[in-house]
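Numbering (this note's numbering), first residue to last: 344 to 775.
For glycine and all other residues, C-beta sits at the position ideal for the given N, C-alpha and C.
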Amino acid sequence: MRINQAWILTLATVVLCLAVPADGEDASPRKWLSATAYAVPKETAPDGEGYFSIIPGLDGRLYIGTHANAVNAWLVEFDPKSKAMKAVVDAHKAIGKDIKGFGAQSKIHTRNNVGASGKIYFGTKQGYPTATEKREDYPGGYPMVYDPKTGETKVYPIPVPHHGINSITPDESRGVAYISTCSDHRPGPGENAIFLILDLKTGNYRQLMDTEHFYGFIVVDYLGRAYHPIHGGDIARYDPRTDKLERLKQSIDGKPPTPESRLALTTNPDPINWDVTPDGKTLYSQPMQGNALYSYDLTQEGDTLAGRTLGTLISGAKSVDCRAMCVGRSGTCWVAITEAAEGINLLHLCSYKAGEKEPTDHGCVSVSNPDYTPMTDAAGKNLPFHGGLIKLADGHTTSRHVILGVTEGHDGNVYILMLIPYTVLQVPVPRK
């Protein structure tokens, strides 16, 4: 999931031409939320990119994965109290190999998850090959576990050669972690996404199935059952109590998912954002290009997982993009979603909590400190990969690109990952 730089230049040109709303465009005042921006160390994300990779640890600090294509990847720790940000894991140092080019561990693409012990679970993934590099030049991704208490990182072997790690979810009570790999649509035309069990003690793997569902998230429910989406809309569920893998159908509002829901597409499918409530009893789901939020009761029985529509996220949006959804320890589902408006991908923050009638769009997100990091060099020339902010005609400064991560902090703030430069946006939890 890479931001195309040619597309960025084209978009910038379009934005410069947009002095006033187009005919028929809604020019009514928008609600705005004020965010404070903090730059991720630029040597860890030189292209200004990152992915779903943000989670609060039990210590209240945020753990953020980075992307440095053809170079390396780092796990960065952000302390909201001191505002200090530092790299705590160097992927290449952890594995003891410093391969450059396509063989590098270029990304931490996993959302990151926290075990009951407080350890941070994440994995590495491939970047992008040049015309002269082969897909086989990438050896494969490594699951890793970082312990904030000791500063030590445990590295597990590559589970599937040439595949990156897309998702890792621990169940420390059973001594396992569930893993999803990513082949990046190679050899193609579809995706290979292997659902595996990792024995945390021995480092041995057991393959459950190839789900063929790209960028799948794994969740574990209140009974310890692990779920993974399957290409085409079915859902894999592994029950460690019976050691059985089930293939569940799904329904939405009593019927099979419609093409409009984007939950069960076989052609040009969406990555589907998943997360589970702290009690493990409710799964929230949101397709990348879908403008609605869905939920599933994980206590139900049967071979069909019945879901329901919770409602629209952005009223009146013509098109949306969402790669950032989470459930916080408060039980609130947060969605950082962009709509095509003002010639950009305009960021909104939405939420839903059980018992509410529908999701709430809290408004668009503005950056209160646009000078939070240098954007030009000593000669006044714009730095590369620093064009992610734009000042709109109404005076608000906001992000212009898609958003790649969101999490609920332990300090009364929601944190969003902005691109170009790679940035953490701190938004106070909105009042309804």
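Check                                                                                                             : Outcome
Assigned exposure category for S658 - 16 Cβ within 10 Å defines buried                                            : exposed
Option nearest G470 by Cα separation, candidates G748, Y481 and I680                                              : Y481
Whether V678 touches L656 by CB criterion (8 Å)                                                                   : yes
Residues that DSSP places opposite Y581 in a beta bridge                                                          : A569 and L588
Beta-carbon separation (whole angstroms), V772 vs V757, contact threshold 8 Å                                     : 6 Å
Alpha-carbon to alpha-carbon, D564 and P849                                                                       : Past the edges of the chain, shown from 344 to 775, lies residue 849, and the structure says nothing about it.
Minimum C-alpha distance to G710 - residue among N547, V770 and G671                                              : Residue 710 is actually Val in this sequence, not Gly. For V710, the nearest C-alpha among the options comes from V770.
Sequence ranges, beta strand (DSSP E) only - wholly within the region 589-666, length at least 3                  : 615-619, 625-630, 635-640 and 647-655
Proximity of G316 and H452 at Cβ, strictly below 8 Å                                                              : Any question about residue 316 goes unanswered here, given that the chain covers just 344 to 775.
I508 vs P472 beta-carbon contact at 8 Å                                                                           : no
CB-CB length for Q629 against C665, believed under 8 Å                                                            : 6 Å
Terminal residues of the beta strand (DSSP E) in which H705 lies                                                  : T703 to V710
Contact between the region 412-425 and the region 456-471 (3+ Cβ pairs under 8 Å)                                 : yes
Euclidean distance between Cα positions of L641 and C676                                                          : 16 Å
Coil, strand or helix - F445 by DSSP                                                                              : helix
Endpoints, beta strand (DSSP E) assigned at H691                                                                  : I687 to Y695
Residue from C525, T545 and K544 whose Cα sits closest to the Cα of T554                                          : C525
One or two residues paired with G483 in a DSSP bridge                                                             : DSSP output for G483 lists no bridge partner at all.
Which of helix, strand or coil DSSP assigns to I438                                                               : helix
DSSP bridge partner residues for I522 (one or two, in chain order)                                                : I511 and L539
Simplified DSSP state of K326, which is helix, strand or coil                                                     : Here the chain has residues from 344 to 775 only, and residue 326 is not among them.
The region 616-627 / the region 582-596 touching (three or more Cβ pairs under 8 Å)                               : no
Backbone CA spacing between T610 and E603 [nearest angstrom]                                                      : 13 Å
Whether G723 touches A697 by CB criterion (8 Å)                                                                   : no
Terminal residues of the beta strand (DSSP E) in which T750 lies                                                  : V749 to E751
Of the listed residues R478, G518, D490 and A520, nearest to P504 (C-alpha basis)                                 : R478
Spatially closest choice to L760 from I407, R651, G623 and L588, by CA coordinates                                : I407
Where A434 falls, given that 16 or more other Cβ within 10 Å makes a residue buried                               : buried
Simplified DSSP assignment, three categories, for T387                                                            : helix
Straight-line gap, S396 to I511 (C-alpha atoms, nearest Å)                                                        : 11 Å
Reduced DSSP category for R743 - H, G, I as helix; E, B as strand; rest coil                                      : coil
Nonlocal neighbours in the same chain, by C-beta distance under 8 Å from V419, ignoring five residues either side : V383, P384, T387, Y406, I407, G408, T409, M428, K429, A430 and V431
DSSP-derived helix/strand/coil call for S516                                                                      : helix
Residue interval of the beta strand (DSSP E) (run including N756)                                                 : N756 to M761
Spatial neighbours of S377 in its chain, beta-carbon cut-off 7 Å, leaving aside the 5 residues before and after   : S709 and S711
Status (buried if at least 16 other CB within 10 Å, exposed otherwise) for T741                                   : buried
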